[in-house]
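All residue numbers for the sequence shown refer to UniProt numbering, where the first residue is 1 and numbers rise by one. Glycine included, C-beta positions come from ideal geometry on N, C-alpha and C.
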Amino acid sequence: RHGSTGAADAGPANIGQWLEGTSQERLDHQAIWDRIEAAGDAPMLMALIGRLRETADYLRARDALVQRVWHVLGAASNDPQLRQLLNAMADEAIASRTCGDGVRLEFNQMEVQVFALDALRDIPLTERGPTLYRLARRFFRLDEVDRLARLNAGTRDQAEVRLAYRLGLAERLDLPLPPTRMLYRTAAAVTADELLGVEGQVLASQDGPAFFASVVDRDYWVAWLRASYASEFAELKATIDAERAGLEDEFAELDDAYLARIKALDEQQKMREQELIKQLTYREGMKYND
């Protein structure tokens, strides 16, 4: 079933399929749609929105899907960088001629991008550390669910297995923004025992180095550490700056040997910063591992 429908079959998105609610809501949504079309930089995003008609959510949970579509489009209409990212994601999905479940999975990925932006906004200062750490944990679980779906798919369609895993494990693993329906659940052939095994693997990974590596690679987490532990990072920078000044005193001329030492010092700085980030992450994680 994967690959049965392509961009040529989808046609342009029709706003009429998504305009519901009060008169004011319809006006607001029309304005969102018009802003995106006027920008002219997200044709594939709009084409993918049109193809959501092929999904189980559109057939069986349309009211909820309509709200989710406008949440994504509203965010995209106000953020050119996000809009271009979502357009690239849609372009890849449409180019692969993905099926209805594949379209729903890609839209779910878009929802996750918007969810991340929403989650990072307006967090109370006193709650920022634990909130960001737990957010990173939820995204790690989602990444692991997808990784295991690809690994376990075998001859089954990967998109359908990923969707089935996300649906089946959403509540148990507190995954961000799960889809609500899928068309080809039977074709995915995911059993309860398989889901139980995947759940166990994800939770085990969460206690290992893979999760730790994932957290220290999240930009929002590192930015919070730098702000919260500014003195530690400033102390490290002062040490490096002193060593850099020492090199300038050691070398009368800024020749190749000097440049090689500076390059090595720059690498050391990156390594020391990474080590500090890891130490602080471990310290914070001990507080928030509930």
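query	result
Keeping to the same chain, check which residues put their C-beta closer than 8 Å to that of E232; ignore five residues upstream and five downstream.	L276 and L280
When the Cα atoms are used, what is the spatial distance from A93 to R121?	28 Å
Along the chain, where does the alpha helix (DSSP H) containing T131 start, and where does it finish?	R128 to N152
Please tell me whether residue 296 and N87 are closer than 8 Å, where the distance is taken between their beta carbons.	There is simply no residue 296 to check, as the chain begins at 1 and stops at 290 in what is shown.
According to DSSP, simplified to helix, strand and coil, what is Y288?	helix
Pick from R128, K263 and A192: whose alpha carbon is nearest that of E284?	R128
Starting from E160, follow the alpha helix (DSSP H) in both directions and report where the run begins and ends.	Q158 to L173
Please report how far the alpha carbon of Y184 lies from the alpha carbon of L225, in whole angstroms.	In this prediction, Y184 scores a pLDDT of 46, lower than 50, which makes its location untrustworthy; no coordinate-derived value is stated.
Specify the secondary structure class of N87 as computed by DSSP and reduced to three states.	helix
Using a Cβ-Cβ cutoff of less than 7 Å, which residues in the same chain neighbour Y220 once the five nearest sequence positions on both sides are dropped?	L120 and L132
If you draw a straight line from the C-alpha of A116 to the C-alpha of F251, how long is it?	48 Å
Using a Cβ-Cβ cut-off of 7 Å (strictly less than) and excluding sequence neighbours within five positions of L65, which residues of its own chain qualify?	L52, D57 and Y58
Classify Y282 as buried or exposed, calling it buried when 16 or more other Cβ atoms lie within 10 Å of its own Cβ.	exposed
Quick one: Cα of I36 to Cα of Y258, how far?	52 Å
Starting from E235, trace the alpha helix (DSSP H) both ways and give me its first and last residue.	A230 to E250
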